[in-house]
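Enquirer: Sharing a structure below in structure tokens format, with a few things to ask.
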Amino acid sequence: QNIKAANFLKLRASFGQNGNKNVSSFQYISPISSNNTWGGYPFGDSMGDAATGAYSYRLVNPNLKWETQQQWNIGVDARFLNSRLGIEFDWYNRLTKDWLVTPPIYASLGNDPVAVNGGNVRNTGVELAMHWRDESINKDFSYGANLSLGYNKNKVTKIASSDGLFHGTGSVFWEGSDEFYRAEVGKPIGYFYGYQSLGIFQNQAQIDNYKGALLNGNKTQPGDVIWKDVDGNNSINADDRTMIGDPNPDVTLGFSFNVGWKGIDLSVVTYSALGQQIMKCYRDFVSSPLNNYTTDIYKRWHGEGTSNKYPRISSTTNTNWNRISDIYMENGDYLKIKNVTLGYDLKKAFKNLPVQQLKLYVTAQNLFTFTGYSGMDPEIGYGSADSWASGIDLGYYPSARTFMIGTNIKF
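Numbering (this note's numbering), first residue to last: 73 to 483.
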């Protein structure tokens, strides 16, 4: 009450816990099926003697339990300037325990996989929201604006496996390709895993003078990738794979504003995510010469100085494209104009209408996207069974630009 600059000020703290059992039922027992593809098993002299068999079609996890999420939160709410300016600030620490996940299994087991409690994941961060409302200029004009900012740090703190790893699925880029996303203690969930590139050899003199490890030895050619020898043993092999990117944004931003004048109102909503990477999985130049290629093929190295990221292609096998590396990865920063709405209240012009409000409006959704990402849409998840993975672009159809016309009647 003694802080004159503030019209309202509240400090708050909270702790909460909730559960999640978002897996199919009866994972703790082994279900039996009699769905025999070929009509049964013959016991006798003719197919008419076929008998129906039963089998267990899924592994069992008798120790499965609920995933729990607990969160600590400390925040402050304040209003200033006759409550026209509002500010909310929050710090949070969210721990997901006994994370429910379905790991891949060997096909030779002949069963469906079962859910397990994969480990713990911690998210810590801050959120800031500011809003301005001013309707005091005159009775015909009003305006307002909202700004939100979030910063989040994601880290896996426990994996329920002997090696502290939870492996992603292979054969995503092409049949037989290695895994490239995983969860690991001490790293962000779903981080990208592969080889690091240091550029492209531009000419033979650069190759001859290079002191580092060469993947192909004296067969290295101009246009080949310079690979980073991560473990420093003067050899490029699977041990040089490392974390090459993070699909989780560091910062999210939101901004919206609205203006009203004599029954006309305009509102705009924007959203931005910064600091994340995307793996462009349909940039495949290796699995078959019969594939349709993206226009990225024009960015390949085809002479000195033409590219320092995308290597040469050839009619014979080379090791540039068939190793999953950061040449498939791009920055995923974007800004989207999510919603623009323009409306007019006919009640302002026709005061004798038997309603309180008759508003006509036109809305555009996903109007513009500003990004350096070369794919169709940087706002992507994965769309696979691995719900913990994100930033994996399989070439799905992007968010549609939508236009709507409508009316809002209030009696």
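Each residue gets a CB set at the ideal place from its N, CA and C atoms; glycine is no exception. Bear in mind that the values here come from a model prediction, so they are computed numbers and not experimental data.
Would you give the residue range spanned by the alpha helix (DSSP H) that Ile279 belongs to?
Expert: Position 207 of the sequence shown, counting from 1, holds the residue named residue 279. Counting along the chain, the alpha helix (DSSP H) containing Ile279 begins and ends at Gln276 to Asn281.
Enquirer: Give me the residue from Lys259, Gly415, Tyr454 and Ala123 with the minimum Cα distance to Val244.
Expert: Position 172 of the sequence shown, counted from the start, is the residue given in the question as residue 244. When each option's Cα is compared against that of Val244, the closest is Tyr454.
Enquirer: Can you tell me whether Ile316 is buried or exposed, with buried defined as 16 or more other CB within 10 angstroms of its CB?
Expert: Your numbering for residue 316 matches position 244 in the sequence shown. Buried is the call here.
Enquirer: Note the first and the last residue of the continuous beta strand (DSSP E) segment covering Glu160.
Expert: Here residue 160 refers to the residue found at position 88 of the sequence shown. Residues Leu157 to Lys169.
Enquirer: Nearest to Asn133 by CA position, among Phe98, Gln141, Gly289 and Gly158, is which residue?
Expert: If you number the sequence shown from 1, residue 133 lands on position 61. When each option's Cα is compared against that of Asn133, the closest is Phe98.
Enquirer: Suppose only complete runs of 3+ residues qualify. What are the beta strand (DSSP E) ranges in the region 203-272, listed by chain order?
Expert: Counting whole runs of 3 or more residues, the region 203-272 contains the beta strand (DSSP E) stretches 213-231, 237-239, 253-256, 263-266 and 269-272.
Enquirer: What is the DSSP secondary structure of Ala310, reduced to helix, strand or coil?
Expert: Counting from one through the sequence shown, the residue named residue 310 turns up at place 238. Ala310 falls in the helix class under three-state DSSP.
Enquirer: Taking the straight line between their C-alpha atoms, what separation do you get for Asp318 and Thr174?
Expert: For the purposes of this step, residue 318 is taken as residue 246 along the sequence shown, with counting starting at 1. For the purposes of this step, residue 174 is taken as residue 102 along the sequence shown, with counting starting at 1. So the alpha carbons of these two residues sit roughly 21 Å apart.
Enquirer: Identify every residue that forms a DSSP beta bridge with Asn189.
Expert: Position 117 of the sequence shown, counting from 1, holds the residue named residue 189. Bridge partners of Asn189: Leu172.
Enquirer: Hey, how far is the Cα of Thr479 from the Cα of Asp417?
Expert: Residue 479 sits at position 407 when you count from the first residue of the sequence shown. Residue 417 sits at position 345 when you count from the first residue of the sequence shown. So the two alpha carbons sit approximately 9 Å from each other.
Enquirer: Can you tell me where the beta strand (DSSP E) holding Leu136 begins and where it ends?
Expert: The residue given as residue 136 occupies position 64 in the sequence shown. First-last for Leu136: undefined, no H or E at that position.
Enquirer: Between the Cα of Asp337 and the Cα atoms of Asp212, Thr391, Asn224 and Phe87, which residue gives the shortest distance?
Expert: Locating residue 337 in the sequence shown gives position 265, counting from the first residue. Of Asp212, Thr391, Asn224 and Phe87, the residue nearest in Cα terms is Asp212.
Enquirer: Which residues in the same chain have their Cβ closer than 6 Å to the Cβ of Asn438, if we skip the five residues on either side of it in sequence?
Expert: Sequence index remark: in the sequence shown, residue 438 carries index 366 (1-based). Once the five neighbours on either side are set aside, the close Cβ partners of Asn438 are Ser471 and Arg473.
Enquirer: Considering Tyr433, what are the terminal residues of the beta strand (DSSP E) in which it resides?
Expert: Along the sequence shown, one-based indexing puts residue 433 at 361. Residues Gln429 to Thr443.
Enquirer: Within 10 angstroms of the Cβ of Asp296, are there 16 or more other Cβ atoms? Answer buried if so, exposed if not.
Expert: Indexing the sequence shown from 1 puts residue 296 at position 224. Asp296 comes out buried.
Enquirer: So, for Trp460: in the same chain, excluding its five sequence neighbours on each side, which residues have a beta-carbon less than 7 Å away from its beta-carbon?
Expert: Translated into positions along the sequence shown, residue 460 becomes position 388. Excluding residues within five positions, the ones whose Cβ falls inside 7 Å are Val173, Ala255, Ile261 and Gly262.
Enquirer: In this structure, does DSSP put Ile146 in helix, strand or coil?
Expert: As a working note, residue 146 is residue 74 in the sequence shown. Here Ile146 sits in strand by DSSP.
Enquirer: Under 6 Å Cβ to Cβ from Val331, same chain only, skipping five residues before and after it: list those, please.
Expert: To locate residue 331, count along the sequence shown from 1; it is residue 259. Counting only Cβ-Cβ distances below 6 Å, and skipping sequence neighbours, we find Tyr215 and Leu338.
Enquirer: Just to confirm, are Thr435 and Lys408 a CB contact at a threshold of 8 Å?
Expert: Numbered from 1 along the sequence shown, position 363 holds the residue referred to as residue 435. Numbered from 1 along the sequence shown, position 336 holds the residue referred to as residue 408. No, Cβ-Cβ distance for Thr435 and Lys408 is not below 8 Å.
Enquirer: With distances taken from CA atoms, which of Pro383, Phe161, Asn90 and Asp303 is nearest Leu83?
Expert: Residue 83 sits at position 11 when you count from the first residue of the sequence shown. Nearest C-alpha to Leu83: Phe161.
Enquirer: For Thr367, which three-state DSSP category applies?
Expert: Counting from one through the sequence shown, the residue named residue 367 turns up at place 295. Here Thr367 sits in helix by DSSP.
Enquirer: Can you give the Cα-Cα distance for Trp171 and Ile146, rounded to whole angstroms?
Expert: The residue you call residue 171 lines up with position 99 of the sequence shown. The residue you call residue 146 lines up with position 74 of the sequence shown. Cα to Cα, Trp171 sits roughly 24 Å from Ile146.
Enquirer: Ile452 by DSSP, collapsed to three states: which one?
Expert: Translated into positions along the sequence shown, residue 452 becomes position 380. Looking at Ile452 - three-state DSSP - the assignment turns out to be coil, as it is neither helix nor strand.
Enquirer: Pop quiz: Tyr445 and Thr413 are said to be a contact at Cβ under 8 Å. What is the actual Cβ separation, rounded to whole angstroms?
Expert: Translated into the one-based positions of the sequence shown, residue 445 becomes position 373. Translated into the one-based positions of the sequence shown, residue 413 becomes position 341. No, Tyr445 and Thr413 are not in contact; Cβ-Cβ is about 27 Å, not under 8 Å.
Enquirer: Spatial neighbours of Leu287 within its chain, please: CB distance less than 7 Å, with the 5 preceding and 5 following residues excluded, ordered by chain position.
Expert: Stepping through the sequence shown from its first residue, residue 287 is reached at position 215. Same-chain partners within the cutoff: Trp299, Ile308 and Thr391.
Enquirer: Could you check how far apart the C-beta atoms of Lys410 and Val323 are, in whole angstroms? I think they sit under 8 Å.
Expert: Here residue 410 refers to the residue found at position 338 when the sequence shown is read from its first residue. Here residue 323 refers to the residue found at position 251 when the sequence shown is read from its first residue. Lys410 to Val323, Cβ: 17 Å. No contact.
Enquirer: Could you check the C-alpha separation between Gly326 and His203 for me, to the nearest Å?
Expert: One-based indexing of the sequence shown puts residue 326 at position 254. One-based indexing of the sequence shown puts residue 203 at position 131. Each residue's Cα considered, the two are about 11 Å apart.
Enquirer: Which residues does DSSP pair with Tyr343 in a beta bridge?
Expert: On the sequence shown, residue 343 is found 271 positions in, with the first residue counted as 1. Answer is Gly326 and Lys408.
Enquirer: Once the 5 residues before and after Asn90 are set aside, which same chain residues still bring their CB inside 6 Å of it?
Expert: As a position in the sequence shown, residue 90 is number 18, starting the count at 1. So the list reads Gln141, once near-sequence residues are dropped.
Enquirer: Tell me the DSSP bridge mates of Asp337?
Expert: As a working mapping, residue 337 is identified with position 265 in the sequence shown. In the DSSP output, where bridge partners are listed per residue, Asp337 has Gly332 and Gly415.
Enquirer: What do you get for Tyr253, buried or exposed, if any count of 16 or more other CB atoms within 10 angstroms of its CB means buried?
Expert: What you label residue 253 is simply residue 181 of the sequence shown in a count that begins at 1. It counts as buried.
Enquirer: What separation, rounded to the nearest whole angstrom, lies between the Cα atoms of Lys419 and Trp333?
Expert: Working through the sequence shown from its first residue, we reach residue 419 at position 347. Working through the sequence shown from its first residue, we reach residue 333 at position 261. Rounded to the nearest angstrom, the two C-alpha atoms are 13 Å apart.
Enquirer: Using a threshold of 8 Å, state whether the C-beta atoms of Thr168 and Asn135 are closer than that.
Expert: As a working note, residue 168 is residue 96 in the sequence shown. As a working note, residue 135 is residue 63 in the sequence shown. Contact: no.
Enquirer: Name the DSSP bridge partner or partners of Ala201?
Expert: Counting from 1 along the sequence shown, the entry for residue 201 is found at position 129. Answer is Glu160 and Ser220, bridged to Ala201.
Enquirer: In the DSSP assignment, find the unbroken beta strand (DSSP E) run with Trp299 in it and report its ends.
Expert: The residue given as residue 299 occupies position 227 in the sequence shown. Counting along the chain, the beta strand (DSSP E) containing Trp299 begins and ends at Val297 to Trp299.
Enquirer: Between Val22 and Thr314, what straight-line distance do the alpha-carbon atoms span, to the nearest angstrom?
Expert: The requested residue 22 does not occur in the structure, where the chain is confined to residues 73 to 483.
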